[in-house]
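Residues 8 to 86 (the numbering used here) are what the sequence shown spells out, left to right.
In this text, a Cβ means the ideal position worked out from N, Cα and C, and glycines have one as well.
Values in this document were obtained by computation on a predicted structure and should not be read as measured data.
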Amino acid sequence: MEMISKIRSYLLETEFSMHCYEDQIDIVNYKEISRISDTGIDILSDQNRIVITGKNLTITRLLEDEVLIKGKFEKIEFR
């Protein structure tokens, strides 16, 4: 049973993760998007509020547990 649990945990990752690239940010297992504008996006996780500021920010992928944001990023804050 423990082996099945480990495989399930690996395949169905439930921890928050954020990957930053030059012009996009991929966030997985977020809780809520609380603010959206072309200059700022606030995302809640279980532990933090992530405040992303920049220019021409757009959400290009929105799934139940994943969001992809593109634009010119100026600052990312964890509050």
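Where L64 is concerned, the enclosing beta strand (DSSP E) starts and stops at 56-69.
The three-state reading of DSSP puts E9 in helix, counting H, G and I together. Scanning its chain for C-beta atoms nearer than 6 Å, with the 5 sequence neighbours on each side dropped, one finds around E73 the residues V35, in chain order.
Non-local C-beta neighbours of T60 in its own chain, meaning closer than 6 Å and more than five positions away in sequence, comprise G47, E81, K82, ordered along the chain.
The shortest CA-to-CA distance from Q54 to any of L69, N63, K38 is the one to K38.
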